[in-house]
Amino acid sequence: THAPALLGEIVRTTPAGTPFSLAIALAFVRNQGDAWSWTLDRLTRALEDLTVQTASVDLQTPQLADCIALAAEIGRRLGQMHQILAQPTDDPAFAPIRATAQDATRWCERAHGLLEAAFEALAARSDWQREEDTARAADVLHHRKDLLTITRRLAHAGEGSLMTRIHGDFHLGQVLVASGEAYIIDFEGEPARPLAERRAKSSPLRDAAGLLRSFDYVAATIVEGDSVSTAYVPEERRNEFIARFHIGVIRAFMSAYGTAVGGRRDPANRALLDLFLIEKAAYEIGYEAANRPMWLRVPLAGLSRLLHRVLRHHRSRHG
Numbered sequence: 123t124h125a126p127a128l129l130g131e132i133v134r135t136t137p138a139g140t141p142f143s144l145a146i147a148l149a150f151v152r153n154q155g156d157a158w159s160w161t162l163d164r165l166t167r168a169l170e171d172l173t174v175q176t177a178s179v180d181l182q183t184p185q186l187a188d189c190i191a192l193a194a195e196i197g198r199r200l201g202q203m204h205q206i207l208a209q210p211t212d213d214p215a216f217a218p219i220r221a222t223a224q225d226a227t228r229w230c231e232r233a234h235g236l237l238e239a240a241f242e243a244l245a246a247r248s249d250w251q252r253e254e255d256t257a258r259a260a261d262v263l264h265h266r267k268d269l270l271t272i273t274r275r276l277a278h279a280g281e282g283s284l285m286t287r288i289h290g291d292f293h294l295g296q297v298l299v300a301s302g303e304a305y306i307i308d309f310e311g312e313p314a315r316p317l318a319e320r321r322a323k324s325s326p327l328r329d330a331a332g333l334l335r336s337f338d339y340v341a342a343t344i345v346e347g348d349s350v351s352t353a354y355v356p357e358e359r360r361n362e363f364i365a366r367f368h369i370g371v372i373r374a375f376m377s378a379y380g381t382a383v384g385g386r387r388d389p390a391n392r393a394l395l396d397l398f399l400i401e402k403a404a405y406e407i408g409y410e411a412a413n414r415p416m417w418l419r420v421p422l423a424g425l426s427r428l429l430h431r432v433l434r435h436h437r438s439r440h441g
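Listed below in structure tokens is the structure:
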């Protein structure tokens with residue numbers, strides 16, 4: 123897979139014979155920055171062009187085409203990495219396993235904990251600057267029980283699904299762009315979580331969900347940003363541009379990822395992806411409420427979209 127080559131490591135072995143890696147050396151990859159900065163730069167350039175163009179936004183404009191191509195490249199490389207990690211091995215630390223009922227319960231409890239924190243943060247907020255955000259927050263709180271019920275169903279739909287070692291903290295900032303190719307970096311997982319939890323096996327779709335939420339944030343950075351160079355783009359035109367970017371990169375990423383993992387049509391995949399997207403958006407709401415209140419509207423909009431999509435799907439199946 124595309125990742126910087128391991129050149130060596132410094133290992134300390136305890137008297138009991140347990141090895142601990144103290145440091146590693148990786149090959150240097152000449153690059154044009156991480157995928158977050160690279161994508162943000164391309165989007166800004168494209169918006170600058172919109173200030174002088176009169177034609178409708180076309181996905182084949184160079185900057186948008188570049189972003190969509192990179193999304194497909196990231197999907198392909200992530201899928202290839204997941205395929206490698208799914209191979210049988212005698213090493214118990216890397217041998218794939220199947221999710222048990224206990225794993226599904228753990229996923230459910232984690233999602234519910236983050237959702238409850240998100241509900242509390244939304245209920246405490248009363249100074250929304252936009253009416254649409256006030257309505258979204260009220261709507262999410264109104265569907266509180268629905269979200270908890272649906273996430274429980276989504277989690278238990280994953281029983282028997284594949285669990286492997288995963289990246290664990292995957293987003294656009296964890297990808298280097300090198301001449302149009304994607305190199306995956308930083309495999310230590312979420313730094314705030316215990317080491318044992320970061321090394322634990324989980325669904326590969328958790329990585330995919332992290333990347334999809336990252337696309338939401340890079341789009342929001344453009345919409346919410348105050349760049350002078352894009353200030354003269356009419357709001358309607360800018361929103362059309364961002365919507366087309368968002369649709370294009372998600373489709374490209376998911377299509378390439380699906381092909382790379384062998385086109386597996388496991389019914390649990392859609393359920394687990396939705397579960398981890400909801401969990402991630404709930405986490406983001408709690409984080410933004412505590413650290414960047416002005417950005418709270420971004421994960422709120424994401425959770426609102428997810429809520430209504432999964433509700434429609436649930437009602438179409440269960441009446």
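Converting from the sequence shown to my numbering requires adding 122 to each position, the first position being numbered 1. By construction, the Cβ of each residue, glycine as well, lies at the ideal position given by its N, Cα and C atoms.
Along the length of the segment 318–392, whole alpha helix (DSSP H) runs at least 4 residues long occupy 327–346 and 357–382, reported in chain order. Taking C-beta atoms as the reference points, residue 237 and residue 404 count as a pair closer than 7 Å.
With a contact defined as Cβ atoms closer than 8 Å, residue 162 and residue 340 qualify at about 6 Å.
Cα atoms of residue 381 and residue 204: separation of roughly 12 Å, rounded to the nearest angstrom. Selection 272, 371, 299 and 232 evaluated against residue 333 yields 371 as nearest (Cα-Cα). The segment 359–375 makes no contact with the segment 394–402; the number of CB pairs closer than 8 Å stays below 3.
Residue pairing from DSSP places residue 128 in a beta bridge opposite 148. Note that the segment 255–270 does not touch the segment 284–294; fewer than 3 beta-carbon pairs, one per stretch, sit closer than 8 Å.
By the neighbour-count definition (other C-beta atoms within 10 Å, threshold 16), residue 416 is an exposed residue. Within the same chain, Cβ atoms closer than 6 Å to the Cβ of residue 165 are found at 344, the five residues on either side in sequence being excluded. A Cβ-Cβ distance of about 7 Å is found for the pair residue 418 and residue 407, placing them in contact under the 8 Å criterion. When 220, 229 and 197 are compared, the shortest CA-CA separation from residue 275 is found for 229. The continuous stretches of alpha helix (DSSP H) do not include residue 307, and DSSP gives it neither H nor E. With a minimum length of 3 residues, there is no unbroken run of beta strand (DSSP E) contained wholly in the segment 158–246. Under the three-pair Cβ rule at 8 Å, the segment 191–208 counts as touching the segment 372–379.
Linking residue 129 to residue 414 through their CA atoms gives a straight-line distance of about 39 Å. Segment contact: the segment 146–157 against the segment 299–318, three or more CB-CB distances shorter than 8 Å; contact assigned.
Residue 168 sits away from residue 299, with the two beta carbons spaced by 7 Å or more. Residue 213 counts as exposed, since fewer than 16 other C-beta atoms from the protein chains shown sit within 10 angstroms of its C-beta.
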